[in-house]
Amino acid sequence: MLAAIFLFVFGSTGLLVFEEYLHNHPSLSNLGNWLSEHLYIPTLRAVLVLIFVAAAYPALFGLHDAPAIGALLSAGHYRLDWWINGVLLVSLALPTVPGLGRIPGIVLTLQGMVASAMLFGWLAQDMGLAQYWLFPGWGLLGKILLITGAAGLLSWMAGSYLQLARKRLVAESLRLLAQMPALIIFGSALGRQLDGL
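Set out below in C-alpha coordinates:
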(Lines of atoms letter the chains of each structure in order from A and count residues from 1; the text may use other names and numbers.)
(Lines give C-alpha, C1' and ligand atoms only; values in the text may rest on other atoms or scores of the structure.)
Protein backbone atom coordinates (compact mmCIF):
# COMPACT_ATOMS: atom_id res chain seq x y z
CA MET A 1 0.00 0.00 0.00
CA LEU A 2 2.81 2.43 0.86
CA ALA A 3 4.44 1.74 -2.50
CA ALA A 4 1.13 2.56 -4.24
CA ILE A 5 0.79 5.83 -2.32
CA PHE A 6 4.38 6.80 -3.10
CA LEU A 7 3.90 5.95 -6.76
CA PHE A 8 0.69 7.99 -6.93
CA VAL A 9 2.14 11.06 -5.19
CA PHE A 10 5.32 10.91 -7.29
CA GLY A 11 3.32 10.62 -10.52
CA SER A 12 0.85 13.31 -9.46
CA THR A 13 3.64 15.72 -8.57
CA GLY A 14 5.14 15.17 -12.01
CA LEU A 15 1.74 15.83 -13.55
CA LEU A 16 1.36 19.04 -11.52
CA VAL A 17 4.74 20.26 -12.81
CA PHE A 18 3.58 19.42 -16.35
CA GLU A 19 0.28 21.29 -15.79
CA GLU A 20 2.14 24.33 -14.51
CA TYR A 21 4.38 24.23 -17.56
CA LEU A 22 1.37 24.09 -19.89
CA HIS A 23 -0.40 26.97 -18.14
CA ASN A 24 2.69 29.16 -18.36
CA HIS A 25 3.68 28.21 -21.89
CA PRO A 26 3.00 31.18 -24.17
CA SER A 27 3.12 29.25 -27.44
CA LEU A 28 -0.05 27.23 -26.74
CA SER A 29 -3.08 28.34 -28.75
CA ASN A 30 -6.52 28.78 -27.24
CA LEU A 31 -7.45 25.37 -28.66
CA GLY A 32 -4.32 23.85 -27.16
CA ASN A 33 -5.16 25.33 -23.75
CA TRP A 34 -8.73 24.04 -23.95
CA LEU A 35 -7.61 20.55 -24.98
CA SER A 36 -5.04 20.47 -22.20
CA GLU A 37 -7.55 21.57 -19.57
CA HIS A 38 -10.48 19.41 -20.69
CA LEU A 39 -8.92 16.35 -22.31
CA TYR A 40 -5.20 15.73 -21.87
CA ILE A 41 -4.83 16.54 -18.16
CA PRO A 42 -8.10 14.78 -17.11
CA THR A 43 -6.97 11.71 -19.05
CA LEU A 44 -3.57 11.69 -17.34
CA ARG A 45 -5.22 12.11 -13.93
CA ALA A 46 -7.54 9.19 -14.68
CA VAL A 47 -4.55 7.03 -15.61
CA LEU A 48 -2.82 7.96 -12.34
CA VAL A 49 -5.89 6.96 -10.34
CA LEU A 50 -6.02 3.61 -12.13
CA ILE A 51 -2.31 3.07 -11.46
CA PHE A 52 -2.87 3.75 -7.75
CA VAL A 53 -5.81 1.33 -7.48
CA ALA A 54 -3.94 -1.34 -9.45
CA ALA A 55 -0.79 -0.92 -7.34
CA ALA A 56 -2.76 -0.93 -4.07
CA TYR A 57 -4.73 -4.06 -5.01
CA PRO A 58 -5.52 -6.31 -3.12
CA ALA A 59 -4.41 -4.49 0.06
CA LEU A 60 -6.86 -1.69 -0.79
CA PHE A 61 -9.66 -4.15 0.05
CA GLY A 62 -7.90 -5.44 3.17
CA LEU A 63 -6.86 -8.67 1.44
CA HIS A 64 -3.52 -10.46 1.37
CA ASP A 65 -4.38 -13.06 -1.24
CA ALA A 66 -6.63 -12.46 -4.24
CA PRO A 67 -6.77 -13.25 -7.93
CA ALA A 68 -4.21 -11.31 -9.96
CA ILE A 69 -5.51 -8.01 -11.28
CA GLY A 70 -4.54 -9.02 -14.80
CA ALA A 71 -6.72 -12.12 -14.51
CA LEU A 72 -9.68 -10.02 -13.29
CA LEU A 73 -9.37 -7.52 -16.13
CA SER A 74 -9.02 -10.20 -18.79
CA ALA A 75 -11.81 -12.44 -17.46
CA GLY A 76 -14.61 -10.44 -19.12
CA HIS A 77 -15.16 -8.64 -22.40
CA TYR A 78 -13.51 -5.20 -22.57
CA ARG A 79 -13.11 -4.88 -18.80
CA LEU A 80 -9.96 -2.79 -19.11
CA ASP A 81 -11.72 -0.47 -21.55
CA TRP A 82 -14.71 -0.13 -19.20
CA TRP A 83 -12.37 0.55 -16.28
CA ILE A 84 -10.49 3.31 -18.07
CA ASN A 85 -13.62 4.86 -19.57
CA GLY A 86 -15.51 4.80 -16.26
CA VAL A 87 -12.80 6.76 -14.46
CA LEU A 88 -12.31 9.13 -17.39
CA LEU A 89 -16.05 9.81 -17.56
CA VAL A 90 -16.02 10.94 -13.91
CA SER A 91 -13.19 13.39 -14.62
CA LEU A 92 -15.03 14.85 -17.61
CA ALA A 93 -18.56 14.91 -16.19
CA LEU A 94 -18.17 15.99 -12.55
CA PRO A 95 -16.67 19.44 -13.19
CA THR A 96 -19.85 20.31 -15.09
CA VAL A 97 -22.03 19.71 -11.99
CA PRO A 98 -22.78 23.13 -10.41
CA GLY A 99 -21.09 23.63 -7.04
CA LEU A 100 -19.40 20.24 -6.97
CA GLY A 101 -16.18 21.53 -8.46
CA ARG A 102 -15.77 23.88 -5.50
CA ILE A 103 -14.87 20.98 -3.22
CA PRO A 104 -11.10 20.53 -3.64
CA GLY A 105 -10.15 16.99 -4.55
CA ILE A 106 -13.70 15.71 -5.05
CA VAL A 107 -13.07 14.61 -8.64
CA LEU A 108 -9.97 12.67 -7.64
CA THR A 109 -11.76 10.99 -4.73
CA LEU A 110 -14.78 9.98 -6.80
CA GLN A 111 -12.52 8.72 -9.59
CA GLY A 112 -10.75 6.51 -7.08
CA MET A 113 -14.07 5.28 -5.69
CA VAL A 114 -15.37 4.40 -9.17
CA ALA A 115 -12.14 2.58 -10.06
CA SER A 116 -12.20 0.69 -6.74
CA ALA A 117 -15.89 -0.20 -7.03
CA MET A 118 -15.55 -1.54 -10.56
CA LEU A 119 -12.53 -3.64 -9.62
CA PHE A 120 -14.24 -4.92 -6.47
CA GLY A 121 -17.32 -5.93 -8.46
CA TRP A 122 -15.21 -8.14 -10.69
CA LEU A 123 -13.33 -9.51 -7.68
CA ALA A 124 -16.57 -10.34 -5.86
CA GLN A 125 -17.87 -12.19 -8.91
CA ASP A 126 -14.60 -14.10 -9.25
CA MET A 127 -14.67 -15.12 -5.57
CA GLY A 128 -18.30 -16.26 -5.79
CA LEU A 129 -19.89 -13.55 -3.63
CA ALA A 130 -23.56 -13.76 -4.59
CA GLN A 131 -24.65 -10.38 -3.22
CA TYR A 132 -22.53 -7.31 -2.73
CA TRP A 133 -22.90 -3.54 -2.74
CA LEU A 134 -20.80 -0.89 -4.47
CA PHE A 135 -22.46 2.19 -2.96
CA PRO A 136 -21.06 2.83 0.53
CA GLY A 137 -24.25 4.25 2.04
CA TRP A 138 -24.92 7.88 2.83
CA GLY A 139 -23.15 7.79 6.20
CA LEU A 140 -19.86 6.50 4.83
CA LEU A 141 -20.17 8.71 1.74
CA GLY A 142 -20.63 11.74 4.01
CA LYS A 143 -17.52 10.77 5.99
CA ILE A 144 -15.52 10.38 2.77
CA LEU A 145 -16.68 13.78 1.47
CA LEU A 146 -15.85 15.37 4.84
CA ILE A 147 -12.34 13.91 4.75
CA THR A 148 -11.92 15.11 1.17
CA GLY A 149 -13.09 18.64 2.01
CA ALA A 150 -10.93 18.81 5.15
CA ALA A 151 -7.90 17.57 3.23
CA GLY A 152 -8.42 20.26 0.59
CA LEU A 153 -8.77 22.97 3.25
CA LEU A 154 -5.66 21.85 5.13
CA SER A 155 -3.58 21.69 1.96
CA TRP A 156 -4.76 25.19 0.99
CA MET A 157 -3.82 26.48 4.46
CA ALA A 158 -0.42 24.78 4.24
CA GLY A 159 0.18 26.28 0.81
CA SER A 160 -0.77 29.74 2.06
CA TYR A 161 1.47 29.41 5.11
CA LEU A 162 4.53 28.19 3.23
CA GLN A 163 6.70 30.97 1.88
CA LEU A 164 7.93 29.09 -1.15
CA ALA A 165 8.22 30.01 -4.80
CA ARG A 166 6.19 26.94 -5.75
CA LYS A 167 3.76 26.93 -2.85
CA ARG A 168 0.86 26.06 -5.19
CA LEU A 169 2.73 22.94 -6.27
CA VAL A 170 3.43 21.99 -2.64
CA ALA A 171 -0.19 22.60 -1.64
CA GLU A 172 -1.52 20.51 -4.52
CA SER A 173 0.91 17.68 -3.71
CA LEU A 174 -0.26 17.71 -0.08
CA ARG A 175 -3.89 17.67 -1.23
CA LEU A 176 -3.27 14.65 -3.44
CA LEU A 177 -1.60 12.80 -0.58
CA ALA A 178 -4.45 13.70 1.76
CA GLN A 179 -7.02 12.06 -0.55
CA MET A 180 -5.57 8.61 0.10
CA PRO A 181 -7.33 8.03 3.48
CA ALA A 182 -10.74 8.51 1.85
CA LEU A 183 -9.94 5.93 -0.83
CA ILE A 184 -8.53 3.49 1.72
CA ILE A 185 -11.65 3.83 3.90
CA PHE A 186 -13.86 3.14 0.89
CA GLY A 187 -11.78 0.18 -0.29
CA SER A 188 -11.70 -1.33 3.20
CA ALA A 189 -15.48 -0.99 3.49
CA LEU A 190 -15.91 -2.84 0.20
CA GLY A 191 -13.44 -5.54 1.23
CA ARG A 192 -15.25 -6.31 4.49
CA GLN A 193 -17.98 -7.94 2.41
CA LEU A 194 -15.50 -10.73 1.65
CA ASP A 195 -14.75 -11.52 5.32
CA GLY A 196 -16.97 -14.58 5.40
CA LEU A 197 -15.44 -16.21 2.32
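When the sequence shown is numbered by our numbering, its final residue is 197 and no position is left out of the sequence of numbers.
For glycine and all other residues, C-beta sits at the position ideal for the given N, C-alpha and C.
If we ignore side chains and look at the alpha-carbon of each, how far apart do residue i and residue j end up?
i	j	result
G32	A93	20 Å
T43	A4	19 Å
A117	V107	15 Å
F186	A56	13 Å
I69	P181	22 Å
Y132	A46	25 Å
L141	A115	16 Å
H25	M1	36 Å
A66	G128	12 Å
Y21	S91	21 Å
L153	F135	26 Å
I144	G137	11 Å
N30	L15	21 Å
F6	M157	23 Å
H23	P98	24 Å
V17	A71	34 Å
Let me make sure I understand the geometry here. Which of the options has the alpha-carbon closest to that of residue i?
i	options	result
I232	I147, G152 and L153	Here the chain has residues from 1 to 197 only, and residue 232 is not among them.
S96	H38, Q131 and V17	Correcting the residue type first, residue 96 is Thr in the shown sequence and not Ser. Ranking H38, Q131 and V17 by Cα distance to T96 puts H38 first.
L176	L2, F8 and M1	F8
L110	W34, L50 and Y78	L50
A130	L194, M157 and A75	L194
E19	N30, Y40, F10 and H77	Y40
G76	M157, P98 and D126	D126
Note the first and the last residue of the continuous alpha helix (DSSP H) segment covering residue i.
i	result
F6	L2 to H23
W133	Looking at the DSSP string, W133 is not in any alpha helix (DSSP H), and its letter there is neither H nor E.
F52	I41 to A56
Q111	I106 to D126
R79	R79 to A93
G70	I69 to S74
L183	M180 to G191
L35	N30 to L35
Between residue i and residue j, which are expected to be in contact by the criterion C-beta below 8 Å, what is the C-beta distance as a whole number of angstroms?
i	j	result
V53	G139	Rounded, the Cβ-Cβ distance is 23 Å, inconsistent with contact.
R79	L73	5 Å
Q179	A150	So it is not a contact: roughly 11 Å between Cβ atoms.
G11	L48	5 Å
Count Cβ pairs between the stretch 113-123 and the stretch 78-98 that sit closer than 8 Å; are there 3 or more? Judged by Cβ distances under 8 Å, the stretch 113-123 makes contact with the stretch 78-98, as three or more pairs qualify.
Pairing CB atoms from the stretch 184-193 with CB atoms from the stretch 44-64, are three or more of them under 8 Å? Three or more beta-carbon pairs separated by less than 8 Å link the stretch 184-193 to the stretch 44-64, which places the two stretches in contact.
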